[in-house]
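J.: Got a structure here, written out as structure tokens. Questions coming.
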Amino acid sequence: MSSGVPHPLLSIAPAKLRPTQFTVGKTEVAAKRSEWEKLGRKKRRELLSAHCFPGVLGPKQRVYIVDRHHLGLALLEEGVKTVPVVIQRDFSWLEPPVFWRTMEFNRWAHPYDQHGNRIDYDTMPVGLAEMVDDPYRTLAARVRMVGGFAKDAIPYAEFPWADFYRRHLKLSGGKISAKVMQQALLLAHSHDTAYLPGWSGTSE
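This is the structure:
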């Protein structure tokens with residue numbers, strides 16, 4: 031059994047980070063890359079210092095991040111050499127099946143694909159670059175950013191919203207039109223979404 035991580039703050043190459051979710055919104059990743067490209071060297075250092083990646087040490091001493099997957103992929107694609115990671119727990123002594131069950135129990139893993147279907151743990155991506163695009167995840171993020179629902183402390187809170195929109199709205203070619211956005215906002219404030227995290231609509 032592990033005795034703990036001697037140095038909880040690590041500096042790791044983005045290519046070595048393991049994701050704990052199957053999908054991302056590639057449009058969000060592109061937006062973060064655009065923001066990064068506009069920053070000077072000092073601002074980039076400040077951004078990295080202010081956005082440490084929360085991580086868990088898994089089997090074979092691999093580091094799994096439990097948040098900021100979009101930023102991580104953006105930095106990987108931008109060629110950033112290392113990022114700061116804060117190790118929250120050391121589960122390196124667990125066998126992979128137990129590790130993943132423990133991660134999911136702690137709400138540190140989201141084993142669902144781009145269609146909202148549950149997947150086996152052994153099909154989870156082994157690198158950030160292998161995550162699959164889910165345009166409904168992007169839609170959920172955009173709705174939140176314009177006030178459709180509140181940011182929630184619950185991990186992976188935007189995924190239930192993405193799954194809701196997947197059932198109720200069609201994205202032609204994976205594109206988010208102005209009409210779809212309008213419909214998504216109306217649904218976000220309706221009673222139909224009252225069970226979702228961060229809901230801020232009306233119950234009338």
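So the sequence shown is numbered by the working numbering: it starts at 31 and just counts up by one. Glycine included, C-beta positions come from ideal geometry on N, C-alpha and C.
(1) To the nearest whole angstrom, what separates the beta carbons of serine 41 and threonine 112, a pair I think is in contact under 8 Å?
(2) Determine, using beta-carbon pairs with one atom in the region 195 to 214 and one in the region 160 to 176, whether at least three such pairs fall under 8 Å.
(3) For the beta strand (DSSP E) holding leucine 87, just list the boundary residues, first then last.
(4) By a C-beta neighbour count over all protein chains shown, 10 Å radius and 16 as the cutoff for buried, is threonine 57 buried or exposed?
(5) If you drop the 5 nearest sequence neighbours on each side, which residues of the same chain put their C-beta closer than 8 Å to that of valine 156?
(6) Tell me, please, which residues DSSP counts as bridged to leucine 40.
(7) Counting C-beta neighbours from all protein chains within 10 Å, is the total for threonine 50 16 or more, i.e. buried, or is it exposed?
(8) Locate the beta strand (DSSP E) running through tyrosine 94, then write down its first and last residues.
(9) Have a look at Trp66, Tyr94, Asp163 and Glu65 and flag the residue whose alpha-carbon is nearest the alpha-carbon of isoleucine 117.
(10) Thinking glycine 102 and proline 38 are a contact (beta carbons under 8 Å), I'd like their distance in whole angstroms, please.
(11) Measure the C-alpha to C-alpha separation of leucine 77 and arginine 63 and round it to an integer number of angstroms.
(12) Could you have a look at arginine 137 and say whether DSSP puts it in helix, strand or coil?
(13) In chain order, which alpha helix (DSSP H) runs of at least 4 residues are fully inside the region 120 to 198?
(14) Which same chain residues end up closer than 7 Å to glycine 204 when comparing Cβ atoms and leaving out the 5 residues on each side of it in sequence?
(15) Any contact of the region 180 to 199 with the region 139 to 155, i.e. 3+ C-beta pairs under 8 Å?
(16) Tell me which same chain residues have a C-beta within less than 6 Å of the C-beta of proline 227, skipping the five on either side of it?
(17) Among the candidates Ala61, Pro127, Leu217 and Pro84, whose CA atom is the shortest distance from the CA of glutamate 108?
(18) Out of curiosity, what's the CA-to-CA distance linking glycine 85 and leucine 216?
(19) Quick one: Cα of threonine 223 to Cα of alanine 192, how far?
(20) Going by alpha carbons, who is nearest to alanine 104 out of Ile206, Trp130, Ala139 and Arg74?
(21) Return the residue from the list Pro127, Asp163, Asp150 and Trp229 that minimises the CA-CA distance to histidine 99.
(22) Would you decide whether arginine 119 is buried or exposed? Buried here means 16 or more other CB atoms lie within 10 Å of its CB.
T.: Walking through what the data contain:
(1) 5 Å
(2) yes
(3) 83 to 87
(4) buried
(5) Arg48
(6) Val115
(7) buried
(8) 93 to 95
(9) Tyr94
(10) Glycine 102 to proline 38, Cβ: 18 Å. No contact.
(11) 13 Å
(12) coil
(13) 126 to 135, 165 to 175 and 188 to 198
(14) Pro165
(15) yes
(16) Asp182, Ile184 and Ala187
(17) Ala61
(18) 36 Å
(19) 11 Å
(20) Arg74
(21) Asp163
(22) buried
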